[in-house]
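Reviewing the structure listed below.
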Amino acid sequence: MMSPAHRTRDIERQAGYLRPEHCAPPPLRDGSDTMWFIRDGCGIVCGVITWFLVLYAEFVVVFVMLLPAKSVIYSLFNGVIFNGLGFLALASHAKAMCTDPGAVPKGNATKEFIESLQLKPGQVVYKCPKCCSIKPDRAHHCSVCKRCIKKMDHHCPWVNNCVGENNQKYFVLFTMYISLISFHSLILVALHFVFCFEEDWTKCSNFSPPATVILLILLCFEALLFLIFTAVMFGTQVHSICTDETGIEQLKKEERRWAKRSRWMNMTVVFGHPFSIAWLSPFATPEHGKADLYQYIV
Numbered sequence: 001m002m003s004p005a006h007r008t009r010d011i012e013r014q015a016g017y018l019r020p021e022h023c024a025p026p027p028l029r030d031g032s033d034t035m036w037f038i039r040d041g042c043g044i045v046c047g048v049i050t051w052f053l054v055l056y057a058e059f060v061v062v063f064v065m066l067l068p069a070k071s072v073i074y075s076l077f078n079g080v081i082f083n084g085l086g087f088l089a090l091a092s093h094a095k096a097m098c099t100d101p102g103a104v105p106k107g108n109a110t111k112e113f114i115e116s117l118q119l120k121p122g123q124v125v126y127k128c129p130k131c132c133s134i135k136p137d138r139a140h141h142c143s144v145c146k147r148c149i150k151k152m153d154h155h156c157p158w159v160n161n162c163v164g165e166n167n168q169k170y171f172v173l174f175t176m177y178i179s180l181i182s183f184h185s186l187i188l189v190a191l192h193f194v195f196c197f198e199e200d201w202t203k204c205s206n207f208s209p210p211a212t213v214i215l216l217i218l219l220c221f222e223a224l225l226f227l228i229f230t231a232v233m234f235g236t237q238v239h240s241i242c243t244d245e246t247g248i249e250q251l252k253k254e255e256r257r258w259a260k261r262s263r264w265m266n267m268t269v270v271f272g273h274p275f276s277i278a279w280l281s282p283f284a285t286p287e288h289g290k291a292d293l294y295q296y297i298v
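Numbering (UniProt numbering), first residue to last: 1 to 298.
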């Protein structure tokens, strides 16, 4: 005997409960609607904080540790690496924030649209009562974005956006590059302390010794915290991609109703096919090529 929850879920999936007459026609898209940005106060604040912390790390690394260093090669080598990784991290953050994660057209559950689908007799359609759209398989509604998102993993306030089918690559790159610059900055802080212990502190920085120590301790705390957080998130995302199961699907323990693919195929679906250096670039849109994309009903 099924539980009430199961009965409710089955009722919501029956085509007779779609009630398309309650939906307004979908709004027409124009040129001004191409920019994707979520107007959420908490997400905007978190995004600004993220950029501020990265720029703070840039300031401390460049002006406190690298420029006062005696070795030009040491400063140039580490400066290029750190600033390059920092630029890629911020670019990945911007792409993850301003890319449509896979929003389902809002208000498309109209009678005319359903008839245009030419559904087979008895075929089930799914409707989201919150945004009045026909939901493809593996799509979930986000209360912050107020849209149904294809293959939604979770809503991340730090990028002020959902992590979904279209921007998961950029979110993974963001966590990877943040963890790398955090690890790099920890190494630079450790080396700076070692060098300064052997010499006069006034020659180790353009700032006073107390100010230098405070700036380095704050950077060390920030880098350690971000390293742990982003490294765990990066590993979680890679595992989710390889198993082809989103965070919401794992949390809800949803029954697998989609085709099983190899781990490599799952990676190419997110990052593009075939493998190339473009996998590491936030400016390259994934090219799927021969990779099989997810087939949705709508």
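Glycine residues also receive a C-beta, built at the ideal position from the N, C-alpha and C atoms.
Take residue i and list the residues in its own chain whose beta-carbon comes closer than 8 Å to its own, dropping the five residues that flank it on each side.
i      : result
LEU186 : CYS220, ALA223, LEU224 and LEU227
LYS203 : PRO68
VAL189 : MET65, LEU216, LEU219, CYS220 and ALA223
LEU53  : GLU222 and PHE226
ILE214 : none
THR99  : TRP36, ASN161, ASN166, ASN167 and TYR170
Using the C-alpha atoms, what's the distance from residue j back to residue i?
i           : j      : result
MET97       : PHE37  : 7 Å
ALA139      : CYS148 : 6 Å
LYS95       : PHE283 : 8 Å
ALA103      : GLY84  : 32 Å
PHE183      : PHE59  : 16 Å
GLN118      : THR110 : 13 Å
HIS141      : LYS130 : 8 Å
SER208      : VAL194 : 17 Å
TYR126      : PRO136 : 7 Å
CYS128      : GLU255 : 19 Å
residue 305 : PRO121 : Given that the chain is displayed from residue 1 to residue 298, the structure contains no residue 305 and the question cannot be resolved.
Helix, strand or coil: which one does DSSP assign to residue i?
i      : result
ASN266 : helix
ASN161 : strand
HIS93  : helix
HIS273 : coil
ILE134 : strand
SER32  : Note that SER32 has pLDDT 44, beneath the 50 cutoff, so the model's placement of it is unreliable and no number is given.
ALA211 : helix
CYS42  : helix
LYS252 : helix
CYS156 : strand
CYS204 : coil
ALA139 : strand
LYS151 : coil
Going by the CB atoms, is the gap between residue j and residue i shorter than 9 Å?
i      : j      : result
VAL163 : PRO105 : no
LYS151 : GLN123 : no
ASN160 : GLY86  : no
TRP51  : LEU90  : yes
LEU280 : LEU173 : yes
ILE81  : ASN108 : no
HIS154 : CYS145 : no
GLY79  : VAL62  : yes
SER262 : PHE171 : no
PHE275 : PRO286 : no
Could you check whether the Cβ of residue i sits closer than 8 Å to any heavy atom belonging to the ligand ADP?
i      : result
SER205 : With respect to the ligand ADP, the structure offers nothing, as it holds no ligand at all.
So, at 6 Å on beta carbons, what are the nonlocal neighbours of residue i in its own chain, with the 5 sequence-adjacent residues on each side left out?
i      : result
SER205 : VAL64, PRO68 and THR212
Excluding the 5 residues preceding and the 5 following residue i in the sequence, name in chain order all residues of the same chain whose CB lies nearer than 7 Å to its CB.
i      : result
PRO157 : CYS42, GLY43 and CYS46
Looking at chain C, is there any beta carbon in it that lies within less than 9 Å of the beta carbon of residue i?
i      : result
ILE228 : Annotation note: the requested chain C is absent from the structure, which comprises a single protein chain.
For the structure I just gave you, are there three or more beta carbon pairs, one from the stretch 240-253 and one from the stretch 208-224, closer than 8 Å?
These segments do not touch.
For the stretch 260-268 and the stretch 236-245, state whether three or more C-beta atom pairs, one from each stretch, are separated by less than 8 Å.
Between the stretch 260-268 and the stretch 236-245, the count of Cβ pairs shorter than 8 Å is three or higher; the stretches touch.
Should the stretch 228-236 be called in touch with the stretch 168-185, which here means at least 3 C-beta pairs below 8 Å?
When Cβ pairs closer than 8 Å are counted between the two stretches, the stretch 228-236 is seen to touch the stretch 168-185, the count reaching three or more.
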